[in-house]
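Single-structure report; data block below.
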Amino acid sequence: MIIVVGIDALEYDLVNKWRLENLLLENNKKISTPEDIYLHTKILWPTIITGKHPRDHGIQEGDIGSWENTILEKSSNILDKILPESIKRFLSIFLRKIGFEHSSRDKDYYKEKNIETIFSGLRTKAIDVPQYNETGISDEIKNKMDRSFSDFNEAEKFINKCKEEFEIKSKELINSLNEPIDLVMCYFYSLDGLQHVFHSDEEFLKEWYKKFDELIGTIKEEASDEDEIIVVSDHGIKNGKHTDYAFFSSYKEELKVESILDVKKEIQEITKKNRKNHEEIKEELNNLGYI
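This note's numbering numbers the first residue of the sequence shown as 3 and each following residue consecutively.
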């Protein structure tokens, strides 16, 4: 099984600084994002799971669009190019408060566009992967994060929702390790939001990084000898702002991943190798008369 843990905004420099050995795994590095890409969750994760640039997979909306309203969508595409980040954040918060939400894709989008993903042709499980099978908990966290910027009393609710996401998804991910599947991918949003709000509180963030480090440690203990573990982020974060590089580490295989565009291809290579090994074992057992 290939186990992919997607952690939004996991910062390579902090993982190294705090020597979080489980997150670093055996092979770890900073990887790049395309130079002309907008550093937004809804764009970056489709890029990771398809291995395609946004202009090729077709999901290119910025931070305040595309909204599920034609006029808003056209307006937001224009405003996104000319407004500073602080104003875009304010508009994003305001629009969510009055009931508008970002439009989302699901796995059918890729089938309709005939776009392969890391899930194509395999027995897989996706846990809340952005623009693939979102459950809504990430948007709930974002809404509470928005309120926490202007109301300190909302910060505790925001943190509790982050804890809820971590606990629910961690449990589901660990349980998935015993399922008869080829690949599981679990996505966590909380670390991105926490680093936006509490970017100056290093000790607080360190405790959250330790949570994820312990999770990977548990996965290593529960995984079989044949399983591969991959940890990947869509970008890093410094002083509350997204960086143009991401985090990547793998357990056994030294994968040829230099960019978020390479992740899907290398996962497919592992899959091919696993299938070849399986067929060779099956053939040997057949020759010995066991099957």
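We treat Cβ as the ideally placed atom computed from N, Cα and C, and that holds for glycine.
Treat the numbers as computed from the prediction; the structure is a model and nothing was measured.
What residues in its chain sit with their C-beta under 8 Å from that of residue 221, if we drop five residues either side in the sequence?
5, 7, 175, 176, 179 and 231
Please determine if the segment 138 to 147 and the segment 121 to 128 are in contact, where contact requires at least 3 C-beta pairs separated by less than 8 Å.
no
Is there contact here, the segment 203 to 215 with the segment 21 to 40, by at least three beta-carbon pairs under 8 Å?
yes
Which residues share a DSSP beta bridge with residue 297?
With the chain covering only 3 through 293, there is no way to say anything about residue 297.
Pick helix, strand or coil for residue 59, following the three-state DSSP scheme.
The answer is helix: DSSP assigns residue 59 an H, G or I state.
Suppose you measure from the CA of residue 263 to the CA of residue 48; what does that come to, to the nearest Å?
About 10 Å.
If you measure between the beta carbons of residue 54 and residue 117, is that distance less than 8 Å?
yes
I'd like the span of the beta strand (DSSP E) that includes residue 297, first residue to last.
In this structure the chain extends from 3 to 293, so residue 297 is not present and cannot be described.
Does the separation of the CB atoms of residue 194 and residue 41 fall below 8 Å?
no
Please report the distance separating the alpha-carbon of residue 11 from that of residue 36.
16 Å
Taking C-beta to C-beta, are residue 163 and residue 146 nearer than 8 Å?
yes
Report the option in 270, 204, 185 and 134 whose CA atom is closest to the CA atom of residue 46.
134
Let me know the secondary structure DSSP gives residue 162 once reduced to three states.
helix
Report the residue from 197, 136 and 172 whose alpha carbon sits nearest the alpha carbon of residue 157.
For residue 157, the nearest C-alpha among the options comes from 197.
Given this structure, state the Cα-to-Cα distance separating residue 96 from residue 192, to the nearest angstrom.
Only weak support is given to the placement of residue 96: the predicted model assigns it a pLDDT of 48, under 50, and the value that follows is read from those uncertain coordinates. Their backbone Cα atoms lie some 21 Å apart in a straight line.
Taking all protein chains shown into account, decide if residue 172 is buried (16 or more other Cβ within 10 angstroms of its Cβ) or exposed.
buried
Using DSSP bridges, identify the partner residues of residue 31.
250
Considering only their Cβ atoms, is the gap separating residue 234 from residue 50 smaller than 8 Å?
The answer is yes: Cβ separation under 8 Å.
Helix, strand or coil, according to DSSP, for residue 98 in the structure here?
In this predicted model, residue 98 has a pLDDT of only 48, less than 50, meaning its place in the structure is not dependable enough to derive any value.
Indicate whether residue 249 and residue 238 have their beta-carbon atoms separated by less than 8 Å.
yes
With respect to the alpha helix (DSSP H) encompassing residue 317, which residues constitute its N-terminal and C-terminal limits?
Nothing can be reported for residue 317, as the shown portion of the chain is limited to 3 through 293.
Tell me the DSSP secondary structure of residue 172 in three-state form.
helix
Can residue 200 and residue 167 be called in contact, C-beta distance under 8 Å?
no
Do you know whose CA, among 21, 14, 20 and 32, lies nearest residue 260's CA?
32
Can you find a heavy atom of the ligand ZN that lies under 7 Å from the Cβ of residue 112?
By its list of ligands, the structure shown contains no ligand whatsoever, and the ligand ZN lies outside what it can speak to.
By Cβ distance below 6 Å, which residues in the same chain neighbour residue 226 in space, the five residues on each side in sequence not counted?
none
Can you tell me the Cα-Cα spacing of residue 103 and residue 138, whole angstroms?
The pLDDT assigned to residue 103 is 49, lower than 50, so where the model puts this residue is not dependable, and the model offers no usable value.
Given residue 61, which residues of its chain have a CB within under 7 Å of its CB, disregarding the five upstream and five downstream residues?
44, 45, 48, 107 and 133.
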